[in-house]
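**Q**
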Amino acid sequence: MAVSHLQCKECKAEYPLEALYVCERCFGPLEVAYDHSRTGGDVGELRRRIQGGPQNIWRYADFLPLAGGPPGPSGRLASRVGLPAGCTPLIRADRLAERLGLREVWVKNDAANPTHSFKDRVVSVAVTRARELGFETIACASTGNLANSVAAHGAALGLESYVFIPADLEEQKILATGVYGTNLVGVRGSYDDVNRLCTELCAERDWAFVNINLRPYYAEGSKTLAYEIAEQLGWELPDRCIVPVASGSLFTKIARGFQEWTELGLLNGELPRMNGAQAEGCSPVASAFADGHDVCRPVKPNTIAKSLAIGNPADGPYALDLARRTGGSIDAVSDDEIRAGIKLLAETTGVFTETAGGVTTAVLAKLAARGDIDPDERVVLVITGEGLKTLDAVRGTFETSTIEPTLAAFEAGVSEGVTA
Amino acid sequence: MSVVVKIPTQLRAAAGGEAEAQIEGATVQEVLDGLFERHEELRVRISDDDGSLRRFVNVYLAGEDIRFLDGLATPVADGAELTILPAVAGG
Numbered sequence: 091m092a093v094s095h096l097q098c099k100e101c102k103a104e105y106p107l108e109a110l111y112v113c114e115r116c117f118g119p120l121e122v123a124y125d126h127s128r129t130g131g132d133v134g135e136l137r138r139r140i141q142g143g144p145q146n147i148w149r150y151a152d153f154l155p156l157a158g159g160p161p162g163p164s165g166r167l168a169s170r171v172g173l174p175a176g177c178t179p180l181i182r183a184d185r186l187a188e189r190l191g192l193r194e195v196w197v198k199n200d201a202a203n204p205t206h207s208f209k210d211r212v213v214s215v216a217v218t219r220a221r222e223l224g225f226e227t228i229a230c231a232s233t234g235n236l237a238n239s240v241a242a243h244g245a246a247l248g249l250e251s252y253v254f255i256p257a258d259l260e261e262q263k264i265l266a267t268g269v270y271g272t273n274l275v276g277v278r279g280s281y282d283d284v285n286r287l288c289t290e291l292c293a294e295r296d297w298a299f300v301n302i303n304l305r306p307y308y309a310e311g312s313k314t315l316a317y318e319i320a321e322q323l324g325w326e327l328p329d330r331c332i333v334p335v336a337s338g339s340l341f342t343k344i345a346r347g348f349q350e351w352t353e354l355g356l357l358n359g360e361l362p363r364m365n366g367a368q369a370e371g372c373s374p375v376a377s378a379f380a381d382g383h384d385v386c387r388p389v390k391p392n393t394i395a396k397s398l399a400i401g402n403p404a405d406g407p408y409a410l411d412l413a414r415r416t417g418g419s420i421d422a423v424s425d426d427e428i429r430a431g432i433k434l435l436a437e438t439t440g441v442f443t444e445t446a447g448g449v450t451t452a453v454l455a456k457l458a459a460r461g462d463i464d465p466d467e468r469v470v471l472v473i474t475g476e477g478l479k480t481l482d483a484v485r486g487t488f489e490t491s492t493i494e495p496t497l498a499a500f501e502a503g504v505s506e507g508v509t510a
Numbered sequence: 006m007s008v009v010v011k012i013p014t015q016l017r018a019a020a021g022g023e024a025e026a027q028i029e030g031a032t033v034q035e036v037l038d039g040l041f042e043r044h045e046e047l048r049v050r051i052s053d054d055d056g057s058l059r060r061f062v063n064v065y066l067a068g069e070d071i072r073f074l075d076g077l078a079t080p081v082a083d084g085a086e087l088t089i090l091p092a093v094a095g096g
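So the protein lines, in turn, are chains A and B.
Heads up, the first sequence is in our numbering, so the first residue is 91 and it goes up one at a time.
Heads up, the second sequence is in our numbering, so the first residue is 6 and it goes up one at a time.
(1) Given that V62(B) touches chain A, what residues does it touch there, using C-beta distances under 7 Å?
(2) Counting only Cβ pairs nearer than 7 Å, list the residues of chain A close to R59(B).
(3) Which first and last residues belong to the alpha helix (DSSP H) in which K456(A) is found?
(4) Within its chain, find whatever has a CB closer than 6 Å to the CB of A168(A); leave out the 5 residues flanking it on each side and keep chain order.
(5) Within the 7 Å Cβ cut-off, does P80(B) reach chain A?
(6) Using CA coordinates, which residue listed in A257(A), N365(A) and G355(A) is at the minimum distance from C331(A)?
(7) Curious, which full-length beta strand (DSSP E) runs of at least 3 residues does the segment 354-436 of chain A contain?
(8) Express the C-alpha separation of G96(B) and D405(A) in angstroms, rounding to a whole number.
(9) For V93(A), which option in R128(A), L398(A) and V213(A) has the closest C-alpha, if you only look at C-alpha atoms?
(10) If you check the beta carbons only, do A123(A) and T14(B) fall under 7 Å apart?
(11) Does the distance from the C-beta atom of A31(B) to that of I12(B) stay below 7 Å?
(12) Is any beta-carbon of chain B found at less than 7 Å from that of P388(A)?
(13) So what does DSSP say about C98(A), is it helix, strand or coil?
(14) Please name the residue, chosen from F254(A), T227(A) and P403(A), that lies closest to G91(B) on a Cα-to-Cα basis.
(15) For E290(A), which residues in chain B fall below 9 Å Cβ to Cβ?
(16) Which bits of chain A does D70(B) rub up against, with CB to CB less than 9 Å?
(17) Using a Cβ distance threshold of 8 Å, determine whether the segment 185-201 of chain A contacts the segment 429-437 of chain A, with at least three qualifying pairs required.
(18) Apart from the five residues on each side of it in sequence, which residues of its chain come closer than 6 Å, Cβ to Cβ, to S419(A)?
(19) At a CB-CB cut-off below 8 Å, which residues of chain B make contact with Y111(A)?
(20) Would C288(A) pass as a contact of F341(A) if the rule is Cβ separation under 7 Å?
(21) What residue from N358(A), V335(A) and Y307(A) has the CA that sits closest to A320(A)'s CA?
(22) Is the number of C-beta pairs between the segment 42-59 of chain B and the segment 366-374 of chain A that are closer than 8 Å three or more?
(23) Please identify the residue among H206(A), R211(A) and E310(A) whose C-alpha is closest to the C-alpha of Y111(A).
(24) So who's on the other strand from V484(A), going by DSSP bridges?
(25) What are the residues of the segment 295-313 of chain A that lie near chain B, defined by any Cβ-Cβ distance shorter than 7 Å?
(26) Is E121(A) buried or exposed, if buried means 16 or more other CB atoms sit within 10 Å of its CB?
(27) Assuming T445(A) and S397(A) form a contact by the criterion Cβ under 8 Å, report the distance between their Cβ atoms to the nearest whole angstrom.
(28) Rounded to the nearest angstrom, what separates G165(A) and G244(A) at their Cα positions?
(29) What does DSSP give as the partner residue(s) for C230(A) in the beta ladder?
Rendered as structure tokens:
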């Protein structure tokens with residue numbers, strides 16, 4: 091495999107491919123480094139190899155941090171392949187584009203993953219690496235979607251799991267985690283409190299916390315969103331991507347995926363403009379972008395977009411740099427705009443997204459209204475999660491007709507149509 | 006004022022293997038200075054040249070991020086717990 095070592099993003103110090111996430115010299119984040127000198131070569135052959143791979147993220151195994159290759163029938167982990175993620179639909183959204191005065195908008199619907207969010211990508215990679223490293227227990231600090239995914243992957247692979255969440259999370263996300271038989275721990279506090287607790291706990295337990303000590307591997311899983319988008323567009327780059335920002339990891343790794351493939355000759359052209367999307371009730375990165383700062387000041391979140399409610403974003407500085415470097419932005423929208431965004435996407439595409447997707451769609455609408463998007467641009471909207479997990483956000487936003495089961499009642503009560 | 010400073014695993018080698026240290030000081034800054042006096046190597050690991058904390062270092066007083074308090078000038082109570090942690094977790 092092409093995976094080579096871990097490297098500090100700040101001071102470039104190198105580390106072995108172990109369960110490490112922080113540079114001991116400068117406290118910077120560690121990232122996976124690859125040696126693609128043997129991956130490259132003939133672009134056509136590389137493309138054919140990818141296309142001939144499985145219909146899940148393991149088709150991109152050459153670009154993922156696994157020492158033993160993808161789990162599968164031919165791999166070491168033969169009978170235990172877990173919950174393969176990825177290969178989600180990229181939908182051309184002409185009705186949405188038309189509503190916003192744009193020409194070409196695509197929706198990458200990552201709710202179509204095993205536990206209905208993009209988190210299955212990162213967890214698949216982290217958990218597979220955790221098994222390679224010999225861990226028997228997986229764990230995470232989660233705002234909800236990660237909780238679902240870690241619990242499900244633990245069940246699929248027969249690994250014990252511990253899932254830590256803010257105690258006030260949406261009921262749907264709690265139920266869709268506990269059902270897998272995990273050790274579910276509700277913490278009285280915000281996600282940032284949960285994260286601090288887990289960072290401390292990580293030093294005390296021999297567990298694979300997917301987004302702490304396994305974070306360098308975990309984050310790599312997000313690159314597969316970029317690979318899929320490019321492959322589904324016929325090996326082309328989009329002009330612009332709108333991506334939700336919580337920690338900033340997904341946002342920066344999507345760009346890294348495009349970058350890697352461009353360097354290998356699989357794609358040609360400039361990096362897309364990268365637009366990050368946050369909720370006003372938790373917008374440390376958008377605020378720093380607006381103020382021209384390089385670092386984010388932490389905030390106490392208060393938004394319906396709980397899956398994005400990280401007040402202390404680990405990759406904030408990198409997200410800011412990326413948005414500026416590509417001519418993009420980081421924007422924030424209100425809770426009302428988020429609800430409107432969910433409705434807009436549902437009514438024009440048939441995709442029902444959770445609040446995070448409402449944030450992303452609302453930011454697209456905002457950019458379009460502001461005139462930031464050239465009508466000729468090819469825009470990709472990254473929808474990361476499922477509407478059924480945040481039902482409160484749509485409760486009371488439409489009316490239902492209730493009638494007696496007779497034709498007369500229908501004619502009298504609903505003749506003008508159910509909805510406005 | 007005597008404060009318990011909790012040292013993260015990544016820094017313990019530079020702190021003589023200690024997981025925590027008892028340090029005197031009236032503010033977070035004074036406690037950190039006291040810690041650096043005892044373990045000089047820690048200073049360059051978590052502080053920038055201008056004396057401020059590196060951007061990937063979080064410091065918590067009794068569980069609260071000091072950036073929500075008065076930062077390095079935050080007063081500390083006797084027996085309080087100061088926790089140093091990497092910022093690159095989560096999400």
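The C-beta atom is built at its ideal place from N, Cα and C for all residues, glycine as well.
Quick caveat, the model's predicted, so the values are computed rather than measured.
**A** Answer, in terms of the structure:
(1) F117
(2) C116 and F117
(3) T445 to R460
(4) With a pLDDT of only 41 at A168(A), under the threshold of 50, the placement of this residue in the model should not be trusted; the figure read from the coordinates follows. Around A168(A): no qualifying Cβ.
(5) no
(6) N365(A)
(7) 363-369 and 419-423
(8) 9 Å
(9) R128(A)
(10) no
(11) no
(12) yes
(13) C98(A): strand per DSSP, three-state reduction.
(14) What sits at residue 91(B) in the sequence shown is Pro, not Gly. Selected option, being the one with the closest Cα: P403(A).
(15) K11, P13, T88 and L90, listed in chain order.
(16) D282, R286, P388, G401 and N402
(17) Counting Cβ pairs under 8 Å, three or more are found: they touch.
(18) N365 and A413
(19) Going along chain B in sequence order, the residues near Y111(A) (Cβ under 8 Å) are P91, V93 and A94.
(20) Cβ distance not < 7 Å, so C288(A) and F341(A) don't count as in contact.
(21) N358(A)
(22) When C-beta atoms of the segment 42-59 of chain B are compared with those of the segment 366-374 of chain A, fewer than three pairs fall below 8 Å, so the two segments do not count as touching.
(23) E310(A)
(24) Looking at the DSSP assignment, V484(A) forms no beta bridge with any residue, so it has no partner.
(25) N301, I302 and R305
(26) buried
(27) 7 Å
(28) With a pLDDT of 45 at G165(A), under the threshold of 50, the modelled position of this residue cannot be trusted; read the value that follows with caution. If you take the alpha carbons of G165(A) and G244(A), they lie about 19 Å apart.
(29) V253(A)
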